[in-house]
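So the protein sequences, as listed, match chains Y and Z.
Numbering-wise, this note's numbering puts -3 at position 5 of the first sequence, and it's gapless, one number per residue.
When you read off a place in the second sequence, starting at 1, and then add 59, the result is the number in this note's numbering.
For every residue, glycine included, the Cβ atom is placed at its ideal position computed from N, Cα and C.
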Amino acid sequence: MTDTKIVVNCETGETTVVTLTSEEIAQREADAAAFAAAEVERVAAEEAAQAAKESAQAKLAALGLTADEIAALSK
Amino acid sequence: MANMIPISTVTVGSGGSSTIQFSNIPQNYTDLKLIVSARMNYGSGINYSTFTVNSDSPSSLTYFKNVVTEGSATVSTYSQSSYGTGGEVTIGPAPGTSPIFNSFEIYMPNYSGATYKPYTVDLVNSNTLWFWMSGNMYYNTAPITSLKLYNSYNFSQYSSATLYGIRKY
């Protein structure tokens, strides 16, 4: 499959379909890889934060705080 | 009263295309608005499309975004520094797994001005049930003359993007 881009010239209204250069292909693949890596990092950070929150809530509950009191602390 | 005037529309043909680019954007409007309805030639998961301005790399764009996912009462907040490069829009997945087209809108006020340019992105992803709003900044004082959307997969046939000019007077 040929990699293409659609370019519309907003001044003339002309639309052309052109084949991507090797540099453009490399750039978009690099960007996609960067986004994928960032997403893995983001999900891991979110899961770690959630685990820490649940751990803290459990410790507070063990100290005798009610659920409402624990919820009030995070507002 | 502001007028929203269509400048150009791109509709992807059979075979798809990985990139949609608006070039030679006229400078005689006050704001720009880009409305996209698209799906990706991608089997599963989330596909990240990239949004760039002029000939700059995505790193010239930063964002601070809020993401809400279905079933979650929590708004997740991210900034570029903790999340990666800017200019991201998330649309996938698509044919074969779902016929759903997803949409996003980009609003760029003062796009021809000689200052840094803040802009907003509103996105709905019906496949992954993401709702996304972000405040962004294009860190360049040059007028915006070109906008480009691209990704590692193809925009599927019938995906479309329309660029509007906003004229306030």
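- Contact of Y/K45 with chain Z is not assigned, every C-beta pair being separated by 7 Å or more.
- Taking the Cα positions, Z/Y175 is about 49 Å away from Y/T58.
- Within the same chain, and ignoring the five residues on either side of Z/M63 in sequence, the residues whose Cβ sits closer than 6 Å to its Cβ are Y223 and I225.
- Restricting attention to Z/F190, Z/D115 and Z/T68, the CA atom closest to the CA of Z/F81 is found in Z/T68.
- In the three-state scheme derived from DSSP, where H, G and I count as helix and E and B as strand, Z/V71 is classed as coil.
- Taking all protein chains in view, the Cβ of Y/L55 is surrounded by fewer than 16 other Cβ atoms within 10 Å, so the residue is classified as exposed.
- Taking 7 Å as the cut-off, the beta carbon of Y/I(-2) is found closer than this to the beta carbon of Z/I79.
- Per DSSP, the continuous alpha helix (DSSP H) segment holding Y/D60 begins and ends at A59 to L65.
- DSSP links Z/G224 through a beta bridge to Z/I64 and Z/L91.
- Per the coordinates, the alpha-carbon of Z/I66 lies some 23 Å from the alpha-carbon of Z/N210.
- Residues of the same chain with a CB within less than 7 Å of the CB of Y/L12, apart from the 5 flanking positions on each side, are D(-5), T(-4) and K(-3) in chain order.
- Around the Cβ of Z/Y228, a 10 Å sphere holds fewer than 16 other Cβ atoms; the residue is exposed.
- Taking a beta-carbon distance threshold of 7 Å, Z/T109 counts as an interface residue toward chain Y.
- At a cut-off of 7 Å, the C-beta of Z/T78 has a neighbouring C-beta in chain Y.
- The shortest CA-to-CA distance from Z/V180 to any of Z/M99, Z/S76, Z/S162 and Z/Y212 is the one to Z/S162.
- When the beta-carbon positions are compared, Z/V112 and Z/A220 stay at least 7 Å from each other.
- Scanning its chain for C-beta atoms nearer than 6 Å, with the 5 sequence neighbours on each side dropped, one finds around Z/V71 the residues F214, Q216 and S218, in chain order.
- Around the beta carbon of Y/K45, fewer than 16 other beta carbons lie within 10 angstroms, which makes this residue exposed.
- Z/L182 is bridged by DSSP to Z/F163 and Z/W191.
- Straight-line measurement puts the Cα of Y/A43 at about 34 Å from the Cα of Z/Y212.
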